[in-house]
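Here is the structure we will look at, set down as structure tokens.
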Amino acid sequence: MDSSKNNTWIVSLGDAPGLDVKMVGGKAASLTRMISAGIHVPSGFCITVTAYEYFLAQSDLQSVIQLELGRKLLDKMRWEEIWDAALRIRSAFLNAPLPSDLAQAIYGALRQLHPQTRLAVRSSAPGEDSAQRSFAGLHESITNVRSEESVMRAVKTVWASLWSDAALLYRRELALDPIRSRMAVIVQEMIPAKTAGVVFGRDPRNQSADKEIVEAVPGACSNLVDGILEPDRWILQRSSGLVLEWVAGKRNSEQHDLPLLTDSALQTLHDRLGQVEKLFGWPPDMEWAEQGDVLSILQARPITSGLSSASQSDERRWYLTLRPKLPQLSRLAKKVLETLIPELERLGLQLARENIEKMGDCDLAGCIEKRFTTLMHWREVYREAFIPLAHGVRYLGAYYNDALQPQDPYEFTILLKGQDFLALRRNTALQNLAQHVQKNQSLLKKLEECAKDRSCTSFKSWQRLKVQISEIQGGADFLVHFEQFLFSFMDTTYNGERLLDRPDSLFNLICQVGTIARNGVVQVQHEKTKAKTLQRRLMEAVGVSREDEAREVLALGQLSWRLRDDDNILLGRIESQFLRALHLGVKRLRKAGRLTGKDSGEKSASLVAQALRDCQHAPIHFADDKPEVIERYTNRTDKPRQLIGQPASPGLAEGLACVVNGIEDFRDFQRGDILVCESIQPTMTHLVLLASAIVEQRGGMLIHGAIIARELGIPCVNGIHSATKCISSGEQLTVDGYLGIVTLGAPDFELENHAFAKHID
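Residue numbering for the sequence shown follows the working numbering, starting at 168 and increasing by one per position.
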């Protein structure tokens, strides 16, 4: 092996003070300077940016990265699409072998460390820790690594975290070009710490105050940064080190009376803060660990100025909530499952049963305002709890892929099939209803007539139709079950419109769904068997010591997979019930001649409530919103032959396109059509029962369209930015869910046959 290469790939932390930050990253450069200043830092070495670049070149990973980030401009990609790209990049990194000469260089450095010590493998990207920006938590750190093989896998995982969804989102916010990103890696001996924590040279909330902050937990520092334990917290006077305040943390759900740190230990930390600030010229944010009489500094970085400036938009904290650690996920799942979802279900049912039609105008005004406030509250809960919980699926994906390195990075989704979605329960109930209709030809004929009647959309027309249906033999029984179905499953919204107000949108579905054969017992059993096989492989890969952890990860993944769909439907009911009150208020004002123009939706809630409460309120007129103009290709020669998207569900299908932009389009959807839309919402996935394939503008392997497509076994291609612009209803499509390609027009062999026949004529 060329020793000169080894010198550029591996650098000991203790032997190279003043290293080039571009070569080793800010974290490693800081550690080497602290070592040279006599500050105790755990032994270790740095795998440099040069080694990373060599690995990329030898494995052709740069082309993989360019392909994944070249599908769309980063600022045009949704989070789900960025996460998918990140998962595929991570999978490519883990499956790429380390070049043998680089691997030997790392093995040689490992053998210089204490053989029995567990190791920490951390990121050290150039520019990640500066006074202007902080990537803390956005890149991977892996602790308690033992074997040489595990170190190699951890190094590749840390390299891959340069391309994580959170890191890419943060770089997008900072207008950094991710393609130019590079990563060094630190490998350090872990301190068997009795106590550990973080310390800030200034109060991050008010850096001008004469204060510094110390936080401590028993055991490793990961107990604090991963949110496993609540820390003891001290506020010290920055100028003197005097303790101003101490708050005990909770350990094992109990608050302790004795501080974790002695006055002497606090003074040592205070001294270290001053020493590091003098060394670097900035107040530090440091991680530390204490064992015996030795206090070690694990890392030091500037306190990010953005954390103390309310005027700066730093969304890094929000991005971190999108990828909580396992303990945080477990606590969040418990809260969502045991508290939030039951409360959301209970509240939706309570609002639905409330007899608001008998309220006076003033009471109705209060009802509108209260329901709007409730809706806003639950939308915030959705952002703060339900969206982060969705990471349970992504956590399972990364966990499974790290353990097994499958060729298909989405193999783990097989473990998620067969969950008890509200949407699937709704679809089953709809199929049962439809099959009863198929047995009653008179009722079927009546519903088919209504499905074609475009005037059958108002409340009055529905009341007339119910009378007509009740006169058909078996019609009254159908109405009982149909209205129960509406109340149980359709009290929700689609694109801001109440589905409960449009029972006519279901007639076409009911007439056709009853003819669809359900999945056979053999197919379902095959899927269960395959899932059990993958679960067994996962348990074998992680080992007996981690089986409980793997089961917890699997259970969290399955739960978040189900609730990520259910929460949308339940939140849709809250929105539906708000709109019910709002529409009632609008109806009363119209009847009194005090409101004209087109309804303007939820933004009119306050104005409508004011008018209901004040009979002297000036008349309201809502100007018609300008209809959204969808640009389409008018010249056939300019229209693309193929659209490239993301393969979200495997399979191949041909059919006619049906572009769905609103509830009215539900009536046009025919069995075998290809559903084309901006995005499939959980509140309208019953439409997919008739579809032969799905094409979506919104991208992501784990969004609702992809979920339902894989459950039903039909192909899905999403992430096609121009889908509704390029595709028109009635146009023939071929959807390739294996490659992520949608072909417009007849397949090539049909065009060839047509040309040949024309030539013969």
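Positions of the beta carbon are idealized from the N, C-alpha and C atoms, including for glycine.
Roughly how far, in whole angstroms, is the beta-carbon of ALA708 from the beta-carbon of ALA570, given that I think they are within contact range, below 8 Å?
4 Å
For ALA265, does the three-state DSSP call read helix, strand or coil?
The amino acid at residue 265 is misidentified as Ala; the sequence shows Leu. Coil.
Let me know if LEU425 comes out buried or exposed under the rule of 16 or more other beta-carbons within 10 Å of its beta-carbon.
exposed
Can you tell me which of ASN373, PHE260 and SER375 puts its alpha carbon nearest to the alpha carbon of MET319?
Comparing Cα positions, the closest option is PHE260.
Please report how far the alpha carbon of ALA913 lies from the alpha carbon of VAL884, in whole angstroms.
So the alpha carbons of these two residues sit roughly 18 Å apart.
Can you find the residues in the same chain that come closer than 6 Å, C-beta to C-beta, to ARG289, ignoring five residues on each side of it along the sequence?
Annotation for ARG289: SER308 and ILE353 place their beta carbon closer than 6 Å to its own, counting only its chain and skipping 5 residues before and after.
Following the continuous alpha helix (DSSP H) through LYS758, name the residue where it begins and the one where it ends.
714–758
Can you pull the DSSP bridge partners for GLN809?
THR910
Between the segment 444–457 and the segment 362–377, are three or more C-beta pairs nearer than 8 Å?
yes
Using only the alpha-carbon positions, how far apart do ARG245 and ARG255 sit?
16 Å
Taking 7 Å as the line, does the beta carbon of VAL753 fall inside it for any heavy atom of the ligand NAP?
This structure lacks the ligand NAP; in fact it carries no ligand of any kind.
So what does DSSP say about VAL231, is it helix, strand or coil?
helix
When you compare each of GLN495, LYS417, LEU265 and LEU234 to GLN225 by their alpha carbons, which one comes out closest?
By alpha-carbon distance to GLN225, the top candidate from GLN495, LYS417, LEU265 and LEU234 is LEU265.
DSSP has PHE656 in a bridge; who is on the other side?
Beta-bridge pairing links PHE656 to no other residue.
Please return the same chain residues whose Cβ sits closer than 8 Å to the Cβ of HIS888, not counting the five positions on each side in sequence.
Excluding residues within five positions, the ones whose Cβ falls inside 8 Å are LYS239, LYS243 and GLN864.
Could you check whether the segment 584–603 touches the segment 739–754, counting it as contact only if at least three pairs of C-beta atoms, one from each stretch, sit closer than 8 Å?
no
Among VAL862, ARG592, LEU462 and ASN390, whose alpha-carbon lies nearest the alpha-carbon of LEU823?
VAL862
Report, in whole angstroms, the separation of the C-beta atoms of ALA860 and VAL827, which I expect to be a contact under 8 Å.
The beta-carbon separation of ALA860 and VAL827, rounded to 13 Å, does not stay under the 8 Å limit for a contact.
Reference ASP781, options GLU650, VAL188, GLN374 and GLY527, closest by Cα:
GLY527
Segment contact, 8 Å Cβ cut-off, at least three pairs: the segment 495–512 with the segment 724–732
With a cut-off of 8 Å on Cβ pairs, the segment 495–512 is in contact with the segment 724–732, counting three or more such pairs.
Please list the terminal residues of the continuous alpha helix (DSSP H) segment that includes CYS678.
674–680
Going by DSSP in three states, SER179 sits in which element: helix, strand or coil?
strand
Nearest-angstrom Cα separation, counted from VAL322 out to TRP176:
If I take the Cα positions, the gap works out to 13 Å.
Buried or exposed for VAL711, going by 16 or more other Cβ atoms inside 10 Å?
exposed
Could you check what DSSP says for GLN602 in three-state terms: helix, strand or coil?
helix
Cα-Cα separation, GLY515 to ARG761
30 Å
Terminal residues of the beta strand (DSSP E) in which SER331 lies:
Segment: none, SER331 is in no beta strand (DSSP E) and carries neither H nor E.
Who does PHE789 pair with in a DSSP beta bridge?
GLY764
Can you tell which of CYS213, VAL208 and HIS207 has the C-alpha that lies nearest to the C-alpha of ASP187?
CYS213
Proximal residues to PHE789 (C-beta, below 8 Å), its chain only, five neighbours per side dropped
LEU762, THR763, GLY764, LYS765, ASP766, SER767 and SER771, listed in sequence order.
Should ALA415 and HIS423 be called a contact, given that it needs their Cβ atoms to be closer than 8 Å?
Yes, these two residues count as a Cβ contact at 8 Å.
Which residue wins for smallest C-alpha separation from GLU524, given the options ILE402, GLN777 and GLN744?
GLN744
Using only the alpha-carbon positions, how far apart do ALA387 and PRO451 sit?
20 Å
Could you tell me which residues DSSP puts in a beta bridge with VAL884?
PRO814 and VAL862
If ILE464 and ARG439 are in contact, beta carbons under 8 Å, what's the gap, nearest whole angstrom?
Here ILE464 really is in contact with ARG439; their C-beta atoms are around 6 Å apart, less than 8 Å.
Return the CA-CA distance between ARG468 and PHE553, expressed in angstroms with no decimal places.
32 Å
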